[in-house]
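Peer 1: Got a structure for you, questions after.
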Amino acid sequence: MNDKRWPVLVHLNATSLIDEGTDTVFDIVQQKVDPTGVLMAAHGFNPEIIDRGRTWPGHGPKGSHGGLGGYYAEAHDHFYRHTGLGSPHVTESPFAEFDAMAVGAKAAAERGLELHVYILESAGTGGFQRNVTNWPTVLEVDVDGRRGKLPCVNHPSYRAWKLALLEDLYTSYEFKGLLWGVERWGPLHQIIAGEQPACFCEHCRGVATAAGLDWLRVRRGYAALRDSVAAARADAGKPGALLRVLLEYPEVLGWEARWTEAYLSLHRELYGAAKWLQPERSFGLGLWHYYFINPLLQAEWNMADFSAASDYIRPILYHLPEGPRIKRYLGLLSTAFGGMREETIWAFFAEMLGLDLPKPAAFASAGLPADYVAQGVNIVRRNGGTRVIAGIGVDVFENGLAGAMTPEDTEAAIEAAWKAQADGITIARNYAEMQHANLDAAGRAIKAIRASR
Ligand SMILES: [Zn+2]
367 MNDKRWPVLV HLNATSLIDE GTDTVFDIVQ QKVDPTGVLM AAHGFNPEII
417 DRGRTWPGHG PKGSHGGLGG YYAEAHDHFY RHTGLGSPHV TESPFAEFDA
467 MAVGAKAAAE RGLELHVYIL ESAGTGGFQR NVTNWPTVLE VDVDGRRGKL
517 PCVNHPSYRA WKLALLEDLY TSYEFKGLLW GVERWGPLHQ IIAGEQPACF
567 CEHCRGVATA AGLDWLRVRR GYAALRDSVA AARADAGKPG ALLRVLLEYP
617 EVLGWEARWT EAYLSLHREL YGAAKWLQPE RSFGLGLWHY YFINPLLQAE
667 WNMADFSAAS DYIRPILYHL PEGPRIKRYL GLLSTAFGGM REETIWAFFA
717 EMLGLDLPKP AAFASAGLPA DYVAQGVNIV RRNGGTRVIA GIGVDVFENG
767 LAGAMTPEDT EAAIEAAWKA QADGITIARN YAEMQHANLD AAGRAIKAIR
817 ASR
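Count along the sequence shown from 1, then add 366; that gives the number in the numbering used here.
Right, here's the structure in full:
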């Protein structure tokens with residue numbers, strides 16, 4: 367540790383600034399948490415990032431604003447014209463008239479806070495980019511030829527549009543760094559999760575055939591695997607049925623690997639461009655929570671590679687919501703593997719993943735112990751991560767979670783990150799869902815940590 371203050375960033379969005387007033391929100395955050403900076407969700411579509419909380423935290427208006435999201439700052443059309451896609455600018459009032467980057471930069475500067483930007487790359491949590499012209503043309507194509515919900519990572523227009531957004535943002539505003547959220551997985555994971563596998567568009571075919579894969583057999587294999595898992599879900603499958611399809615069609619694993627490689631190349635490309643634009647600004651990578659509970663994803667995502675294309679890794683280590691999340695994921699796995707017991711799967715997975723946690727019954731609705739935060743930091747380091755900023759979840763809504771987060775939970779999570787020697791923390795994921803009592807608790811924990819250094 368150096369002699370600088372332990373980095374602490376608090377997630378904010380344009381919704382809170384409009385709902386409660388920019389100065390009010392910045393004052394509350396500074397007085398309660400005393401962070402080194404804020405993370406502004408300048409661009410996004412996923413409701414958990416851009417909207418109000420699912421439960422009312424005791425401040426701000428109640429309920430969703432129903433907005434689609436977009437870019438909450440001034441968009442300059444000439445950056446996007448060549449991409450074939452329209453402007454990312456948010457279209458709904460009052461957001462369309464509001465520049466979160468301009469007001470955020472001013473409010474941060476007045477208080478001596480760093481302004482960082484958070485962008486979550488098209489996660490599958492329900493955001494729809496319907497206000498961007500021509501967006502349907504970049505949507506993924508599933509194994510039956512239907513357009514899906516997310517943009518294809520191999521579509522040149524989508525990649526060019528993200529690069530354009532980066533250029534627009536970096537050349538228009540002063541800010542300290544960008545955190546880029548990586549929260550998608552490949553077609554094999556989608557099948558296990560009970561979804562239609564994607565993508566099988568012409569651009570993906572190009573990627574697959576360039577890698578030597580027989581595209582017809584890739585598609586046949588995925589259709590067969592999808593049908594096999596559907597049969598298992600309908601109680602007609604056996605635990606090993608899925609493995610038999612993988613033996614019959616090794617192309618399934620081949621395309622899963624090549625898709626993942628292409629997906630991860632997107633953030634590497636953006637990292638290079640960001641450093642070319644403004645080398646002194648930090649570029650962090652947000653690590654999806656599934657990385658910690660899914661052995662296949664952990665095998666596919668190399669933390670040394672993540673470190674080579676970032677200044678830090680920010681793992682999502684929201685310990686309370688992770689309990690119900692694991693429980694739900696085990697349910698999906700259990701049906702995909704013909705009704706295998708969840709406890710059996712978890713015992714096997716936990717050992718592979720290096721997690722030391724109680725049995726599912728103990729955490730399914732109560733959430734994980736705060737020590738999960740420390741275990742997560744250690745896993746990223748063990749797997750090749752160098753600089754790790756722990757993502758601490760404060761009042762993160764999750765279906766199935768029994769109780770509300772308490773100040774003791776908040777303090778315990780932050781202390782666990784500190785004891786694991788995290789290089790800093792983010793208070794995640796959205797000020798609009800955080801109870802002020804938990805922000806006070808975060809502030810107490812952070813003050814005690816700083817005093818102890
Ligand atoms: Zn595609």
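Where a beta carbon is used, it is the ideal one built from N, C-alpha and C, also for glycine.
Check aspartate 593 in the structure and name its three-state DSSP category.
Peer 2: Here aspartate 593 sits in helix by DSSP.
Peer 1: Counting only the same chain and skipping the five closest in sequence on each side, list residues whose C-beta sits under 7 Å from that of methionine 771.
Peer 2: Leu686, Val760, Asp761 and Asn804.
Peer 1: Quick check on lysine 398: does DSSP put it in helix, strand or coil?
Peer 2: Correct three-state label for lysine 398: helix.
Peer 1: Label threonine 792 either buried or exposed according to how many other C-beta atoms from any shown protein chain fall within 10 Å of its C-beta, with 16 as the threshold for buried.
Peer 2: Buried is the call here.
Peer 1: Checking 8 Å against the spacing of the C-beta atoms, do tryptophan 581 and arginine 592 come in under that value?
Peer 2: Contact: no.
Peer 1: Around the Cβ of leucine 613, are there at least 16 other Cβ atoms within 10 angstroms (buried) or fewer (exposed)?
Peer 2: Under this definition leucine 613 is an exposed residue.
Peer 1: For threonine 792, which three-state DSSP category applies?
Peer 2: In this structure, threonine 792 counts as strand in the three-state DSSP scheme.
Peer 1: Out of Arg525, Leu651, Glu533 and Val754, which one is the CA nearest neighbour of alanine 628?
Peer 2: The option with the nearest alpha carbon to alanine 628 is Arg525.
Peer 1: DSSP beta-bridge partners for serine 648?
Peer 2: BP columns for serine 648 point to Gly543.
Peer 1: Lysine 428: buried (16+ other C-beta within 10 angstroms of its C-beta) or exposed?
Peer 2: Lysine 428 should be labelled exposed.
Peer 1: Tell me which residues share the same chain as glycine 424 and place their Cβ nearer than 7 Å to its Cβ, disregarding the 5 neighbours each side in the sequence.
Peer 2: The residues are Gln801 and His802.
Peer 1: If I'm right that glycine 419 touches phenylalanine 763 with Cβ under 8 Å, what's the distance once you round it to whole angstroms?
Peer 2: Contact holds; Cβ gap of about 6 Å.
Peer 1: Using the C-alpha atoms, what's the distance from methionine 669 back to tyrosine 588?
Peer 2: Using only the alpha carbons, I get a separation of about 28 Å.
Peer 1: Counting C-beta neighbours from all protein chains within 10 Å, is the total for glutamate 709 16 or more, i.e. buried, or is it exposed?
Peer 2: The residue is exposed, with fewer than 16 neighbouring Cβ atoms inside 10 Å.
Peer 1: Three or more C-beta pairs closer than 8 Å, one from the region 560 to 574 and one from the region 670 to 680: is that the case here?
Peer 2: Cβ pair count under 8 Å is below three, so no.
Peer 1: In chain order, what residues of the same chain have a beta carbon less than 6 Å from the beta carbon of alanine 530, not counting five sequence neighbours either side?
Peer 2: The answer, listed in chain order, is Phe445, Tyr446 and Thr449.
Peer 1: Please tell me whether glycine 701 and arginine 599 are closer than 8 Å, where the distance is taken between their beta carbons.
Peer 2: Note that residue 701 is threonine in the sequence shown, not glycine. Cβ atoms of threonine 701 and arginine 599: closer than 8 Å.
Peer 1: Return the residue from the list Thr491, Leu636, Arg691 and Pro517 that minimises the CA-CA distance to valine 498.
Peer 2: Answer by Cα proximity: Pro517.
Peer 1: What three-state label does DSSP hand isoleucine 692 in the structure shown?
Peer 2: Helix, per DSSP.
Peer 1: Is methionine 718 helix, strand or coil when you go by DSSP?
Peer 2: The answer is helix: DSSP assigns methionine 718 an H, G or I state.
Peer 1: Indicate whether at least one CB of chain C lies closer than 8 Å to the CB of glutamine 562.
Peer 2: Note that chain C does not occur in the displayed structure, where there is just one protein chain.
Peer 1: In chain order, what residues of the same chain have a beta carbon less than 6 Å from the beta carbon of phenylalanine 411, not counting five sequence neighbours either side?
Peer 2: Gly435, Gly493 and Gln495, listed in sequence order.
Peer 1: Pull up the distance between the alpha-carbon of leucine 698 and that of isoleucine 558, whole angstroms please.
Peer 2: For leucine 698 and isoleucine 558, the distance between alpha carbons rounds to 7 Å.
Peer 1: Can you tell me whether valine 507 sits near ligand 1, meaning its C-beta is under 7 Å from at least one heavy atom of the ligand?
Peer 2: Result yes, Cβ under 7 Å from ligand 1.
Peer 1: So who's on the other strand from isoleucine 682, going by DSSP bridges?
Peer 2: Note: isoleucine 682 sits in a beta bridge opposite Gly757.
Peer 1: Considering only residues of the same chain and omitting the five flanking positions on each side of glycine 470, which have a CB-CB separation below 6 Å?
Peer 2: Result list for glycine 470: Met406 and Leu481, in chain order.
Peer 1: On a CA-only basis, which of Gln644, Leu719, Lys725 and Ala732 is nearest tyrosine 684? Give me that one, please.
Peer 2: Ranking the options by Cα distance to tyrosine 684, first place goes to Ala732.
Peer 1: Buried or exposed for leucine 767, please, with buried defined as at least 16 other CB atoms from any protein chain shown within 10 angstroms of its CB.
Peer 2: Buried is the call here.
Peer 1: CB of asparagine 500 to nearest heavy atom of ligand 1: below 7 Å?
Peer 2: The answer is no for asparagine 500.
Peer 1: Grouping DSSP H, G and I as helix and E and B as strand, with all else coil, what is methionine 800?
Peer 2: Note: methionine 800 maps to coil in three-state DSSP.
Peer 1: Assuming the contact rule is C-beta atoms closer than 8 Å, histidine 555 and leucine 662 should be a hit. Round their C-beta distance to whole Å, please.
Peer 2: Confirmed, about 7 Å.
Peer 1: In three-state terms, what does DSSP make of alanine 623?
Peer 2: Of the three classes helix, strand and coil, the one that applies to alanine 623 here is helix, per DSSP.
Peer 1: By DSSP, does tyrosine 615 sit in helix, in strand, or in coil?
Peer 2: If DSSP states are grouped into helix, strand and coil, tyrosine 615 belongs with coil.
Peer 1: Alpha carbon to alpha carbon, what distance is there between aspartate 789 and methionine 367?
Peer 2: Confidence in methionine 367 is poor, its pLDDT being 40 and thus under 50, which makes the residue's placement too unreliable to answer from.
Peer 1: Do valine 739 and isoleucine 679 have their C-beta atoms closer together than 8 Å?
Peer 2: Result no, Cβ atoms of valine 739 and isoleucine 679 do not sit closer than 8 Å.
Peer 1: Where does alanine 798 land, buried or exposed, given buried means 16+ other C-beta within 10 angstroms?
Peer 2: Classification of alanine 798: buried, given that the 10 Å Cβ count is 16 or more.
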